Structures are given as structure tokens and as C-alpha cells.
Amino acid sequence: MDYAMYSRVIIGVCIVVGILLVLLLGRGTRQKDRHVSTGRTGSPAFEKWKKQISTNCSSQNLKDFQLFLTQYGGGYVKRRDGRVIYRDFLGREKGDLKGIFFHSVIPSRKISTEEKEAFRRYLCQIGVQGIGERPEYEKFDGKLRNKEEDLDEWEKKEAGNKGELLVRQYLKSLNEREYFVISGVVLKYQGKTRELDHIIVGNDVVFILETKAFGMSGSENGSNKAVLTIHNDNWVLHKNGHDKTLKSPTEQVTQEAALMKEIIENPFIDIKPVVVLANPSLVLEKKETLPYEVTKLKDLAAYIQANNKQMTSEDMQDAIRRIDKSRIK
């Protein structure tokens, strides 16, 4: 082999090696650019603080808790080239913070109204939903609790938050290998925005949960016993000898399901909206078949398992990615 040919061979080998290196480096970069989450368990420090602030919600504890939240930044993380480029609180963390605000911060007499309001505004800044309006703190300081008209709205919100917490705790019992749970999420797609209580991505199905705490407010003697009847899409709650007509959730849940179907864009994945009744003392009397499931919380797992079939892990991950892409909070 003469020198010229030898040189051409060497140059050709170098070019091939260079191309391979570029391809490998590009692949590595693309892999690093993929969304990386810290997981679903959240931070142990967050869980510790959650318990501490719930048991002793003082002015100093609230300040320390907010400082921790600012430094922590949340368990939802995106990285590029190994560097954190975006951080936010997980949906369940935001739900926990909402519960802490209503159950621990507002009722506390150790915290001033100004401090409560400052904490609420901070929670709004980090994307906690359902606390956009300033509560009338002054009405719930113990001095006006004898006025039923002042407590009606408060009790409804309190009941709703209790119902949400019950559902969140229940969903933790689902097998994490079979289901991916997203709570307290806001989705936006093609100009349409919806806030969803919970999303469960299963094998070949996506469940959309709408939590209802019917009968958990306006209780006498601490009892939440009530009967819910559904007939011709008329929802009536019977409690304490009185009947109350409720707003049907049909329009709400069907719109949520339609939006999710547009986001997923996979005809082989079913979208199943579910109204979950969180009140364990509620009796359900349903006299018709609705275009969605209505179930008590204790029966939710059985319904999910009965409708969870077979889907490839690729389809499941694609569904999760599509939901995450449309997620704004």
C-alpha cells in the first residue's frame, strides 16, 4: 500500500470515528434533556415539617416552615446536562399545603391575620390552587362562631378539604407499579383549561377523579349520615330531615374527560371520569346509568382494578408525558 492510499485510509477511519463520537454525544445529550422527576414520595423533610406545623402552628413555626419551603423548592424537577433547570412542588405537596392552610393556619390563634394572609399569598405564588380569595379570617377567630350564616361557606370549604385529604390518603394504597397518580393538577390544551382533583394512569385507561364531600358539612351532633339520590341527573341530598338539591357534576366531568381525550390522542386508551363520594357515612341511591362512574371511596379500588387491563409501558409513559406537557400547575 503506497503512502497516499494509506493516508486516505487513516483519514477515512478518523472521519468514521468522529461521526460515531458526534452521534454518541448527541444521544447522551438527548438523554440528559429528558424530563427527570425526583419520584412520588416527596422529601422526608417536607413530611416532617408537615407533621410539625400541623401539631404546633405558631407564628415562629410558620415563618420557619415558609423558609424551608423557599429553600426546598418542591419535588418536581427537570434537568438538562445534569443541571436543574426547573423545580416545582408536586401536586400532592400543593394539596398538602392547601390542607395545612385551611386546617392548621387559619384556625390558629397563635398567628396574626397579617401572617396568615402573607402565607396564603406565598402559597398562591407557588401554584397552590383553591385559595385564591382571601378568607374572612376575622369571622373564624372564635368570636362569631355562633352565627350560622358566617359559618356556612367555611364549613363547605372545610368539608371539601377533608374529603380531598381522605381521597389522597386512599390513593396512596394503590400499587405504584401499576398506577401513576397525579393530584391537584391544572391542564391547558388548545386554549382550554381545567383543574382536576386527581388523575390515575393505569394500564390501558386514564381515570379522572372528581371528589365530592356531600353530607360532610352542616352536621348535627357531629354526624355525617346522609342519603344521596340520583334520578334523571337530579342530585338530591337528604340529611337531618331536609332535602337539598345539588348541582349535577355531569357537565363538569364530561368536559374534563373530553379535554383528556384530546391530550392523550390514543384511541386504544380509555378515558374514564369518576365522581368519588368521600363521605364514608353517605348512602348512595342511584336509579340510572350515567356516562361516568359514581362510587363511594371505599369501592374505588375495586372499580379501578376491574377496569384496568393491558397496555404497553411505552403507551403508559407516553400518556404520562402528554399529560405532563399540558400541565401548567
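Per the working numbering, numbering through the sequence shown is continuous, rising by one, with the last residue being 1267.
Ideal Cβ placement from N, Cα and C applies to all residues, glycine included.
No experiment lies behind these values; they were computed from the predicted model shown.
Out of the options, state which residue places its alpha-carbon closest to the alpha-carbon of residue i.
{"i": "Tyr1230", "options": "Lys1236, Val1221, Ser1219 and Asn1245", "result": "Asn1245"}
{"i": "Asp1034", "options": "Asp1135, Phe1118, Lys1130 and Tyr1127", "result": "Asp1135"}
{"i": "Lys1054", "options": "Val1174, Ile1038, Ala1239 and Gly1020", "result": "Ile1038"}
{"i": "Glu1102", "options": "Phe984, Gly1013 and Gln1067", "result": "Gln1067"}
{"i": "Gly1140", "options": "Gln1009, Asp1019 and Ile1258", "result": "Ile1258"}
{"i": "Asn1099", "options": "Arg1115, Gly1122 and Ile1201", "result": "Gly1122"}
{"i": "Glu1289", "options": "Glu1133, Asp1253 and Tyr1010", "result": "Here the chain has residues from 939 to 1267 only, and residue 1289 is not among them."}
Give every residue of the same chain whose Cβ lies closer than 7 Å to the Cβ of residue i, excluding the five residues on either side of it in the sequence, and list them in chain order.
{"i": "Tyr1060", "result": "Gln1004"}
{"i": "Leu1028", "result": "Gly980, Gly1012, Gly1013 and Tyr1014"}
{"i": "Lys1085", "result": "Legend: pLDDT at Lys1085 = 40, less than 50; position of this residue unreliable, no value from coordinates given."}
{"i": "Val1165", "result": "His1176, Val1221 and Glu1223"}
Whose C-beta lies closer than 8 Å to the C-beta of residue i among residues of the same chain, with five residues either side of it excluded?
{"i": "Val1232", "result": "Ile1168, Val1212, Val1213, Leu1215, Leu1222 and Lys1224"}
{"i": "Gly1080", "result": "Here the model assigns Gly1080 a pLDDT of 48, short of 50, so the residue's position is not dependable, and the following value carries that caveat. Correct list, in chain order: Arg1047."}
{"i": "Ala1195", "result": "Ile1146, Ile1209, Lys1210, Pro1211 and Tyr1230"}
{"i": "Thr1188", "result": "Asp1171, Leu1228, Pro1229 and Tyr1230"}
{"i": "Arg968", "result": "Any reading at Arg968 needs caution, since the residue's pLDDT is 47, under 50, leaving its predicted position unreliable; the model's value is listed next. Nothing meets the Cβ criterion."}
{"i": "Ser1111", "result": "Ala1239"}
Does the CB of residue i have a neighbour CB from chain B at under 8 Å?
{"i": "Ile1069", "result": "Protein chain content of the structure displayed is limited to a single chain, and chain B is not contained in it."}
Quick one: measure Cβ to Cβ for residue i and residue j, integer angstroms, because I've assumed they're closer than 8 Å.
{"i": "Ile1242", "j": "Ile1146", "result": "Their Cβ separation, rounded to whole angstroms, is 12 Å, which puts Ile1242 and Ile1146 out of contact at 8 Å."}
{"i": "Ser1042", "j": "Ser997", "result": "With a Cβ gap of about 13 Å, Ser1042 and Ser997 do not count as contacting."}
{"i": "Arg1132", "j": "Leu1197", "result": "5 Å"}
{"i": "Ile1207", "j": "Asp1253", "result": "7 Å"}
Name the one or two DSSP bridge partners that residue i has.
{"i": "Val1213", "result": "Glu1148 and Val1232"}
{"i": "Asp1208", "result": "Val1143"}
{"i": "Tyr1127", "result": "Lys1130"}
{"i": "Phe1118", "result": "Val1139"}
{"i": "Glu1223", "result": "Thr1167"}
{"i": "Asn1265", "result": "Asn is not the amino acid found at residue 1265; the sequence shown has Arg there. In the DSSP output, where bridge partners are listed per residue, Arg1265 has Leu1125."}
Give a single yes or no on whether residue i has its beta carbon closer than 7 Å to a heavy atom of the ligand NAD.
{"i": "Asp1142", "result": "Absence of the ligand NAD from the depicted structure is noted, as is the absence of any ligand whatsoever, leaving it without description."}
Between residue i and the rest of its own chain, which residues show a CB-CB distance below 6 Å, the 5 nearest in sequence each way excluded?
{"i": "Thr1149", "result": "Gly1101, Glu1102, Val1105, Asp1135, Val1214 and Ala1216"}
{"i": "Phe1006", "result": "Trp987"}
{"i": "Tyr1108", "result": "Leu1235"}
{"i": "Ile948", "result": "none"}
Starting from the N-terminal side, write out each stretch of the beta strand (DSSP E) that is 3 residues or longer and does not extend beyond the segment 1145 to 1192. 1164 to 1169, 1172 to 1177 and 1180 to 1184
Can you check the segment 991 to 1038 for any alpha helix (DSSP H) of at least 4 residues that lies completely inside it and give the ranges in chain order? 997 to 1010 and 1029 to 1038
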